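Chains as they are written, first to last, in full-length UniProt numbering: chain G, 1 to 235; chain Y, 1 to 235. The next block holds one structure in the form of structure tokens; read it before the comments.
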DNA sequence: CAGTAGAGGATCGTTGAACAATCCGACAAG
DNA sequence: CTTGTCGGATTGTTCAACGATCCTCTACTG
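As structure tokens, this is what we get:
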């Protein structure tokens with residue numbers, strides 16, 4: 001009898017194999033364009049124009065739109081087309097409500113000692129590198145990575161996905177901040193502080209730090225965002 | 001000047017008005033068919049057959065499939081088609097991990113006294129009516145409604161939507177229970193107990209009850225579901 | 001002059017057909 | 001029993017077309 005192959009070995013390769021589909025690739029392109037701020041909120045995405053630009057059919061493009069609409073990056077208005085989503089202040093408040101509940105719950109769920117903080121550690125390092133490079137947009141990304149890593153501690157695929165979506169939405173709001181440095185930089189040391197508390201297995205402290213972090217960010221963002229929206233009424 | 005109409009009055013009608021789109025309606029039909037158990041997990045949904053049966057084009061049907069795939073009710077395998085999702089035991093575990101975190105977090109977030117328990121109250125009543133009618137499938141639905149109401153206490157649209165999806169997935173698992181009565185009935189009084197604790201503003205007790213509820217349900221479901229899957233290997 | 005009605009153009013929603021790519025099952029060969 | 005191959009069936013993708021809907025601009029009426 002020949003030695004059999006452990007099926008688990010091949011599991012990782014499955015993703016490489018299965019991922020194709022033009023619609024997915026188109027969605028990926030648009031997703032990065034949006035999250036990097038090249039397509040600003042409110043922009044209308046014409047099926048004809050984009051389909052022609054990317055060289056895909058309208059049907060395929062519509063499937064890509066559908067994908068991004070469910071990720072809340074696009075909003076779809078019947079017979080009017082799709083637009084890059086414009087978040088309301090209420091959306092921002094809801095996003096932070098979700099973050100408060102889920103991130104804190106993820107931290108509080110850490111009872112067994114050996115939990116893996118390497119992702120969170122890496123995200124903080126990423127943020128410190130971005131700071132020393134003066135790449136403030138990357139700093140925002142690193143902060144997002146850190147909080148994603150915090151949620152990942154709960155070990156739930158569904159929660160990870162939700163958080164990924166929520167944080168992608170949050171990026172749309174970040175683009176309304178005209179000075180990313182003054183907004184993002186103060187939060188980097190706070191992330192490291194949270195990480196330290198987690199390392200020390202001081203769950204209570206970590207949760208308190210996290211809560212105040214989110215409260216402050218929300219307050220700052222809402223204040224800045226609401227006045228920003230007020231000035232943008234006239235295109 | 002003609003008397004003006006209060007805009008709020010028309011808000012309710014908007015949903016009726018705005019909802020069109022053949023794809024959405026098709027998705028709705030399939031969604032209820034699946035959640036009510038007429039389409040069992042593993043069933044393959046042929047584009048040709050269903051498109052012809054519902055009288056819609058293949059393209060439109062594919063948009064509907066895309067919708068339901070993102071709701072995790074269908075699984076889409078490239079070049080093979082879409083199937084009614086078959087959850088793994090790992091999925092069930094993840095679903096209960098999500099429920100534990102979110103439902104408990106929602107309860108714990110109740111600090112201000114006047115929170116609205118009418119939805120939860122109604123769900124328990126719905127369950128008691130289903131029990132007295134002997135409608136055990138409705139009892140399962142009522143239990144789901146109760147826990148949805150618990151999450152709704154957090155007041156977050158995004159959390160509500162997540163929970164709706166997770167509970168819809170859970171319905172797929174429930175259909176694998178051959179005796180819905182013995183599975184669902186014991187949980188009804190526990191829901192009422194949780195409701196009572198909430199009414200008395202005893203948050204800590206409510207959270208403890210909720211945790212043990214979810215632990216028990218998960219354990220029972222995993223045990224029953226894993227052996228069920230084992231027997232279904234041969235079609 | 002203001003306000004409304006209507007025509008026109010642009011875009012979307014949906015359909016049907018077509019072709020290539022891929023998968024599945026059966027059958028034959030080793 | 002396993003492996004290779006073939007043909008049918010289904011999906012992935014594109015294209016063209018038509019009706020429906022919305023937006024804008026014009027012209028008419030008071």
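We put the CB at the ideal spot given by N, CA and C, even for glycine. Note that the structure is a prediction, hence the values are computed from the model and not measured.
Check	Outcome
Under DSSP, the beta strand (DSSP E) around residue 81 (chain Y) begins and ends at which residues?	81 to 84
Residues of chain Y with a CB under 8 Å from the CB of residue 62 (chain G): which are they?	63
Does any CB atom of chain G fall closer than 8 Å to the CB of residue 97 (chain Y)?	yes
May I ask you to report which of helix, strand or coil DSSP gives residue 235 (chain Y)?	Summary for residue 235 (chain Y): the model assigns pLDDT 36, below 50, so the residue's position carries little reliability; its value from the coordinates is reported in the next sentence. Correct three-state label for residue 235 (chain Y): coil.
At the 8 Å Cβ level, is residue 166 (chain Y) part of the contact set with chain G, yes or no?	yes
Who are the Cβ neighbours of residue 54 (chain Y) in its own chain at under 8 Å, not counting the five residues just before and after it?	26, 29 and 61
State yes or no: is the beta carbon of residue 184 (chain G) nearer than 8 Å to at least one beta carbon in chain Y?	no
So is residue 97 (chain G) buried or exposed if we call it buried at 16+ other beta carbons inside 10 Å?	buried
Just the chain Y side, please: which residues come within less than 8 Å of residue 94 (chain G) by C-beta, in chain order?	156, 157 and 158
How is the beta strand (DSSP E) around residue 121 (chain G) delimited, first residue to last?	Here residue 121 (chain G) belongs to no beta strand (DSSP E); instead the alpha helix (DSSP H) covers 118 to 133.
Rounded to whole angstroms, what is the Cα-Cα separation between residue 176 (chain G) and residue 145 (chain G)?	20 Å
Residue 27 (chain Y) touches chain G at which residues, Cβ-Cβ below 7 Å?	Residues of chain G passing the Cβ test: none, with the nearest at roughly 11 Å.
So, are the CB atoms of residue 199 (chain G) and residue 68 (chain G) less than 8 Å apart?	no
Applying the 10 Å Cβ sphere with the 16-neighbour rule, what's the burial state of residue 226 (chain Y)?	exposed
Of all the CB atoms in chain G, is at least one closer than 8 Å to the CB of residue 66 (chain Y)?	yes
Can you find the residues in the same chain that come closer than 7 Å, C-beta to C-beta, to residue 9 (chain G), ignoring five residues on each side of it along the sequence?	A caution first: residue 9 (chain G) carries a pLDDT of 44, below 50, which makes its placement in the model unreliable, though a value can still be read off. If we look at residue 9 (chain G) and ignore the five residues flanking it on each side, it has no Cβ neighbours.
Does DSSP classify residue 31 (chain Y) as helix, strand or coil?	helix
Measure the alpha-carbon distance for residue 93 (chain Y) versus residue 149 (chain G) and round it to whole angstroms.	20 Å
With 16 as the cutoff for other CB atoms within 10 Å, does residue 215 (chain Y) come out buried or exposed?	exposed
Going along the chain, which residues of its own chain have a beta-carbon closer than 6 Å to the beta-carbon of residue 81 (chain Y), five neighbours each way excluded?	44
Would you mind working out which of G:37, G:191, G:184 and G:228 sits nearest residue 103 (chain G), comparing C-alpha positions?	G:191
Return the residue from the list G:84, G:79, G:63 and G:64 that minimises the CA-CA distance to residue 73 (chain G).	G:84
Comparing the C-beta of residue 148 (chain Y) with each C-beta of chain G, is any distance below 8 Å?	no
Would you call the segment 170 to 187 of chain Y and the segment 131 to 145 of chain Y touching, i.e. three or more CB-CB distances under 8 Å?	yes
Quick one: is residue 75 (chain Y) near chain G, going by C-beta distance under 8 Å?	no
Let me check one thing: in DSSP terms, what residues is residue 109 (chain Y) bridge-paired to?	DSSP output for residue 109 (chain Y) lists no bridge partner at all.
For residue 124 (chain G), I'd like the list of residues in its chain whose CB is within less than 7 Å of its CB, leaving aside the five on either flank, ordered along the chain.	146, 191, 192 and 195
Please list the residues of the segment 42 to 61 of chain Y that have a C-beta atom closer than 8 Å to any C-beta atom in chain G, keeping them in chain order.	59
Tell me, please, which residues DSSP counts as bridged to residue 293 (chain G).	Nothing can be reported for residue 293 (chain G), as the shown portion of chain G is limited to 1 through 235.
Along chain G, which residues have their Cβ under 7 Å away from the Cβ of residue 21 (chain Y)?	78
Do you know offhand how far residue 111 (chain Y)'s Cα is from residue 204 (chain Y)'s?	11 Å
By DSSP, does residue 139 (chain G) sit in helix, in strand, or in coil?	helix
Please list, in chain order, all residues of the same chain as residue 78 (chain G) whose beta carbon is under 6 Å from its beta carbon, the five residues on each side excluded.	none
Around the Cβ of residue 241 (chain G), are there at least 16 other Cβ atoms within 10 angstroms (buried) or fewer (exposed)?	Absent from the structure is residue 241 (chain G), since the part of chain G shown begins at 1 and ends at 235.
How about residue 151 (chain G) and residue 95 (chain G): do their beta carbons lie closer than 8 Å?	no
Taking C-alpha atoms, which residue in G:90, G:154, G:174 and G:142 lies nearest to residue 114 (chain G)?	G:154
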